[in-house]
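Student: Quick note on our numbering: the sequence shown kicks off at 97 and runs consecutively.
In this text, a Cβ means the ideal position worked out from N, Cα and C, and glycines have one as well.
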Amino acid sequence: MSSSTFPQLLRRANITTYDPLITRIYTSTPSSKSQHNDWGLKFSVPIKKGPRYIKFNSLDAGPGINCDWRSGEREARFVQAWGTGRVRWQTDEEIPSYQLKTKSLFDAGADRDPRHSDDYLTEQIESPHGAQEGGSGLGLVSEKGIWMKDIESMSNKQFEEYLELVRSKRREFLSKRLEDLPNRIKESLVLSEDNTLVHLASTGKTTPQSSIDFQTSLTSTELSSTSSTAKLHSKPHRVHGLSYSPKPTSAKDFVPPSLDKKGRVLNKVSRYDDAHTRASSNNTLQRGNNLPWIVSLGGITAKTSQKNARTTDTLNYTSMMDETDYTRADTSAGVGSFGVSRAEMSSAPVVLGLKDSNRSGPGNRMGGRWRQSTANQPSPLDTFKFDIDLTINSYEADPESVPQEVGSKEWVGNDSKLSKLNEWSSRYQLGGGPRSERKRGEALERLRVKEDREQTMERLNRLLGKYKIGAGEKKGEESSQ
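1) For a test of the three-state rule: what should DSSP assign to K562, helix, strand or coil?
2) Could you name the residues of the same chain whose beta carbon sits closer than 6 Å to that of E256, not counting the 5 residues immediately before and after it, in chain order?
3) For the candidate residues K253, R148, E318, whose alpha-carbon lies nearest to that of G168?
4) With a CB to CB cut of under 6 Å and the five nearest residues on each side skipped, what residues in its chain are close to R360?
5) Under the rule that 16 or more other beta-carbon atoms within 10 Å means buried, what is S433, buried or exposed?
6) Check this for me: beta carbons of D485 and T397, under 9 Å apart or not?
7) Given a cut-off of 9 Å, decide if F269 and L285 are closer than it, judged by their beta-carbon atoms.
8) Tell me which residues share the same chain as W178 and place their Cβ nearer than 6 Å to its Cβ, disregarding the 5 neighbours each side in the sequence.
9) State the Cα-Cα distance for the pair S366 and Q176, rounded to the nearest angstrom.
10) Assuming R166 and K151 form a contact by the criterion Cβ under 8 Å, report the distance between their Cβ atoms to the nearest whole angstrom.
11) So, are the CB atoms of R170 and L477 less than 9 Å apart?
12) So what does DSSP say about S284, is it helix, strand or coil?
13) Roughly how many angstroms separate the alpha carbons of T302 and L287, rounded to a whole number?
14) List the whole-angstrom C-beta distance separating K481 from S442, where the pair is believed to meet the contact cut-off of C-beta under 8 Å.
15) Hey, how far is the Cα of Q561 from the Cα of E547?
16) Any idea which residues DSSP pairs M250 with across the strands?
17) If you draw a straight line from the C-alpha of T423 to the C-alpha of K358, how long is it?
18) Specify the secondary structure class of A172 as computed by DSSP and reduced to three states.
19) So for T317, helix, strand or coil by DSSP?
20) Rounded to whole angstroms, what's the CA-CA distance from F86 to A297? Just pull it up for me.
21) Alpha carbon to alpha carbon, how far is V545 from K535?
22) Quick one: give me the first and last residue of the alpha helix (DSSP H) that A297 is part of.
23) So, are the CB atoms of K245 and L314 less than 9 Å apart?
24) To the nearest angstrom, how far is it from the Cα of E550 to the Cα of K364?
25) Taking the Cβ atom as the reference point for each residue, do V262 and A439 lie within a distance shorter than 9 Å?
26) If you draw a straight line from the alpha carbon of R280 to that of Q305, how long is it in whole angstroms?
27) Which one or two residues does DSSP pair with V183 in a beta bridge?
28) Do you know how far the Cα of L277 is from the Cα of N489?
29) State the Cα-Cα distance for the pair L387 and L540, rounded to the nearest angstrom.
30) Quick check: L274 and N291, are their CB atoms within less than 9 Å of each other?
31) Going by CA-CA distance only, name the one from G181, H295, K265 that's closest to T317.
32) Taking just the CA atoms, how far does D483 sit from W82?
33) If you count every other CB in all the chains shown that lies within 10 Å of the CB of T487, and 16 or more means buried, which is it?
34) By how many angstroms is the C-alpha of G537 removed from the C-alpha of L556?
35) Spatial neighbours of D356 within its chain, please: C-beta separation below 8 Å, excluding the five flanking residues on both sides.
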């Protein structure tokens, strides 16, 4: 085999070449790494104590000669946390426009940023006949409620059953699509291959809306049955094929528990970085410290959602959670469970070829001011730009915040901090009502009135006590006389 030219041809062929700038993560079994230093490469790499995942710059280097490596823990944690496919990443172009239900559907000035929405939201779905019926091209919003199966919350068995149901309705769906086609298009469908769903979808003779209508009709048929226990959502996703119903934008209680991820709180956002958010709101009353937390999650950083709600109004751990104890005295400080409410990818990764630059040339590799080590080169993960919003579900520093089994002794006897805060606020009449209806200094004034009233009652009780004591002494003297 050594005299054959096949290995040389295979080595020089394009099918065996690869981009050397692509990040490659290598791992091995613990026994192989500890006993044989085996990472699946040509030579063994003697790493006695190191990370579980490493990255190499050269695969065929000899032992200890230009065998530079660095940790691949960050990329591995990123894939473990975000590589399941359950989190739907979206770009700026894919963000749908949202509008409050209380607003007019035709109000052009009612634009709101979906990142800072607080209440119930509904997605604007353009009506296919809106421009023709309205005649003004305002982009009417369909008032029809579209209900679809929540595919994300299905188990593997339920998903397979749903696929079997969809497959059994393919002929009916195809015949319906062929009937709805215009006559001139029907005449062009001569071959048998033309009368297929693949041909209709690839040639643009059917739209994604038809797939949504098909799944909606299946769901409507199932809803007519009294034995239906399916979970539904009313906001379809604009995708081809199966239309996934997205999770609610603001209702944290309906977020699937599979999206909960374990992370660590680093610190709060600087008030100088958050100045543009307060300036855009044009509200001078927002002067508190209700700033979002920066959370390390899966090798990247995210930000908790900032809502205009008090801790006593809703289950909000933003003001109750502490940041990481950097002295390592309390290892559970800042560690908690977080739910992903929005994940946006602002820009795609960019690979930098620093090996070809002047700073990392052969003349500067061994020394000099601009020496560039391959271990310090930025990876493609460093060039990503993420914008992720999180909701704090629980944190380990407070055992009361950990979800407990409903009906258990711990759940029945749980006395959370939120109930204590509610009791304290009701005792001193510090409810305050909605944030928009509060007045500055109103709570402090109520507290002062409450304290003055208690002091006045205390003085009256003292005077009454002295009067009773004095009256008792006089009665004793009269009886002795």
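Tutor: To lay it out plainly:
1) helix
2) none
3) R148
4) S392, T420, G430, V431
5) buried
6) Contact flag unset, no.
7) No. Outside cutoff.
8) Here the set comprises G394.
9) 30 Å
10) Yes, they are in contact, since the Cβ atoms of R166 and K151 sit about 5 Å apart, within 8 Å.
11) Yes. Within cutoff.
12) helix
13) 18 Å
14) 4 Å
15) The sequence shown places Gly at residue 561, rather than the Gln named in the question. Taking the straight line from one Cα to the other gives about 21 Å.
16) In DSSP, M250 forms no bridge with anything.
17) 21 Å
18) helix
19) helix
20) The first residue shown for the chain is 97 and the last is 577, placing residue 86 beyond what the model contains.
21) The straight-line gap separating the alpha-carbon atoms of V545 and K535 is approximately 16 Å.
22) It spans 293-298 - the alpha helix (DSSP H) in which A297 sits, taken as one unbroken run.
23) In contact: K245 and L314 (Cβ atoms closer than 9 Å).
24) 39 Å
25) no
26) 22 Å
27) Bridge partners of V183: none, in fact.
28) 50 Å
29) 22 Å
30) yes
31) It is K265.
32) Nothing about residue 82 can be reported from this structure: the residues present for the chain run from 97 to 577 only.
33) buried
34) 29 Å
35) S433, F434, G435, N489
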